[in-house]
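In numbering that gives the first Met the number 0, the protein residues as written are 0 to 459.
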Amino acid sequence: MKILLISPSKSDHKLKWFNRFFYHAGLSLSVVKNLTPEDIEVEIVDERIENIDINHDADLIGISVHTSVAPRSYTLANEFRKRKKTVVLGGYHPTARTQEALEYSDAVVVGPADTAWPQLLQDFKDNTLKKIYHGNKTPSLKSLIPEKRVGKKTFFPTNRLMTSIGCNYRCSTCAITKFYEKFMHKDLDSVIKEIKLMGKNLITFLDSNIVGNKKFAKELFRRIIPLNKKWIGQTTISTAYDDELLDLMAASGCIGLGIGFESINQNNIHLINKGTNVVSDYEKNINKIHKHGIIIKGNFMFGFDHDTPDVFEKTLEFAINNGIDLLTLNILTPYPGTRYYEQLANQGRLIHNESEHPFAWALYDRNHCVFKPIKANGLTPELLEYGLKWMYAQFYSLPNVKKKILHEPNYTRLLKIASTVFNGLQFIKTIPERKKHSILPSVYYKTLTSDILLNTGVNY
Ligand code: SF4
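The following block contains the structure:
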């Protein structure tokens with residue numbers, strides 16, 4: 000028996016060669032592979048870096064679906080089913096939209112694959128496949144080990160590892176708690192064993208928060224110190240309140256942290272229930288992290304109910320003044336399965352109705368605005384979309400980048416250059432829009448904001 004596991008890409012863009020250098024795959028399909036009995040052949044295909052063979056001779060096709068690739072996943076599922084293949088869909092989107100996913104597949108895994116996948120395979124063999132398989136929301140973490148076959152197709156010199164799943168927090172924009180009941184970490188000895196087995200010296204921790212359990216994290220960092228590694232990971236800004244934790248992070252080789260600042264307006268933070276973020280402490284905490292030689296990739300979201308059209312200028316000023324090293328900018332996106340989605344649906348603020356799905360899910364990619372912002376504040380979907388591009392263009396402008404990467408240690412400089420190039424490619428995607436408006440999207444943003452200032456109004 001043969002299984003093909005697919006991670007689809009939103010578009011068949013021409014950047015597969017580029018992704019081979021910089022793309023970080025998640026571990027979800029590796030976990031599914033690790034849950035598969037050894038006598039079954041499994042191939043993993045990640046469409047961001049390679050092509051999918053629609054005539055593949057696999058008996059069973061498994062597709063991992065998140066919201067923005069749902070239309071692409073359903074198209075693939077239809078094509079495989081036309082070829083008499085059995086198709087199973089799993090992941091965050093089918094978990095939230097199970098009936099929709101069932102229209103395009105033979106079975107759906109709801110929640111983690113842990114216990115559900117082995118049962119599904121047995122039923123498939125016995126010809127008794129059911130429609131829905133519910134995963135255990137507190138899965139065993141035994142299958143959460145790196146799978147080398149995904150990694151070998153990319154050239155980014157890093158090994159990816161997860162020490163934990165779930166999250167202790169309950170942000171209303173996040174679907175993680177729909178998937179995992181609680182935060183759980185692996186056995187420390189097995190994590191250290193995995194790190195020792197890794198050939199490369201740069202590790203990426205894919206945990207949603209590498210210090211989700213401080214006691215565990217401190218012990219982990221103590222045991223990494225003698226291994227002489229460098230690592231990057233994600234955490235919350237509240238990590239900086241703990242000096243011992245920061246010291247241990249730096250000593251264990253932490254060179255970069257992704258941090259969700261989300262907004263520089265505390266009222267917005269309250270709206271999404273992100274209890275870890277105290278805006279008035281951002282500056283102090285950023286300084287503390289920088290003093291430990293750790294660079295910060297700041298994540299910010301736009302379109303909150305307390306945002307106004309100058310939110311991009313203000314956030315850019317904050318990022319530059321506080322020396323944020325790299326940026327990820329997103330438009331607030333109400334993913335199905337989150338409390339935020341329910342809230343906007345109840346308020347009648349979702350732009351697309353049921354009849355426009357599943358195709359409109361492609362716009363749920365954080366670069367498009369899929370909800371109606373508070374009109375009285377002057378925000379519009381168009382302004383948000385162009386504001387994002389404008390801010391990227393300003394932050395990654397040549398003079399700004401030059402200023403940032405001078406006088407850096409070598410590894411930091413390399414990391415910044417790599418990420419800068421990667422983020423720079425965001426602009427390639429905007430070329431059709433440039434044609435539409437005859438000017439650069441970031442310049443178009445400026446005309447939009449002046450329209451609003453002049454009170455000419457922009458409708459949506
Ligand atoms: S802290 Fe991050 S992972 Fe945890 S609930 Fe909030 S957004 Fe999700």
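Idealized CB from N, CA, C, for every residue including glycine.
| task | Express the C-alpha separation of K141 and I48 in angstroms, rounding to a whole number. | result | C-alpha separation (whole angstroms): 27 Å.
| task | Indicate the three-state DSSP secondary structure (helix, strand or coil) for R159 in the structure shown. | result | strand
| said: Out of H133, L28, R169, which one is the CA nearest neighbour of R338? | reply: Comparing alpha carbon positions, the residue from H133, L28, R169 closest to R338 is R169.
| request: Put I43 into one of helix, strand or coil per three-state DSSP. | output: strand
| query | Mind checking whether the beta-carbon of K228 lies closer than 7 Å to any heavy atom of the ligand SF4? | reply | Taking 7 Å as the cut-off, one finds no heavy atom of the ligand SF4 near enough to the beta carbon of K228.
| query | CA-CA distance, S207 and A375? | reply | 35 Å
| So does S237 have its beta carbon nearer than 7 Å to some heavy atom of the ligand SF4? | no
| query | Measuring CB to CB, does T97 end up less than 8 Å from P335? | reply | no
| message | Looking only at its chain, what residues have a beta carbon closer than 7 Å to the beta carbon of V210, apart from the 5 residues adjacent to it on each side? | response | A216, T234, T238, L244
| Hey, how far is the Cα of F358 from the Cα of A69? | Spanning the two alpha carbons is a distance of roughly 8 Å.
| query | Which whole-angstrom value is the C-beta distance of I43 and L4, which I expect to be below 8 Å? | reply | 5 Å
| Can you list, in chain order, the residues of its chain whose CB lies under 6 Å from that of T35, leaving out five sequence neighbours each side? | V41
| So does K213 have its beta carbon nearer than 7 Å to some heavy atom of the ligand SF4? | no
| task | May I ask you to verify whether the stretch 341 to 359 touches the stretch 283 to 296, counting CB pairs closer than 8 Å and requiring at least 3? | result | No, the stretch 341 to 359 does not touch the stretch 283 to 296.
| task | Assign H514 to one of three DSSP states: helix, strand, or coil. | result | The question about residue 514 has no answer, for the chain in this structure spans 0 to 459.
| query | Touching or not, the stretch 217 to 236 and the stretch 248 to 258, by the rule of three or more beta carbon pairs under 8 Å? | reply | Enough Cβ pairs lie closer than 8 Å, so yes.
| request: Using beta-carbon positions only, say whether T85 and L59 come within less than 8 Å of one another. | output: yes
| request: Compute the Euclidean distance between the alpha carbons of Y391 and D186, then round it to the nearest angstrom. | output: 40 Å
| request: Under the assumption that L326 contacts G297 (Cβ atoms under 8 Å), give the Cβ distance between them as a whole number of angstroms. | output: 6 Å
| Proximity test, Y340 beta-carbon vs the ligand SF4 heavy atom, cut-off 7 Å | no
| request: Figure out for me which residue from K130, D242, Q118, H305 has the closest Cα to the Cα of L271. | output: In the sequence as presented, Leu is not what sits at residue 271; that position holds Ile. Among K130, D242, Q118, H305, the Cα nearest to that of I271 is on H305.
| request: Check whether the Cβ of R169 lies closer than 7 Å to any heavy atom of the ligand SF4, and answer yes or no. | output: yes
| Nearest to K462 by alpha carbon, out of Y363, I319, H367? | Because the chain here runs from 0 to 459, residue 462 falls outside it and cannot be looked at.
| request: Find out if the Cβ-Cβ distance for the pair K228, I202 is shorter than 8 Å. | output: yes
| I175 beta carbon near the ligand SF4 (any heavy atom closer than 7 Å) | Judged by the Cβ position, I175 qualifies as a neighbour of the ligand SF4 at the 7 Å threshold, a heavy atom of the ligand being closer than this.
| query | Using 8 Å as the threshold, is the stretch 306 to 313 in touch with the stretch 372 to 387, meaning 3 or more CB pairs across them? | reply | With a cut-off of 8 Å, the stretch 372 to 387 and the stretch 306 to 313 count as touching, because enough Cβ pairs lie within range.
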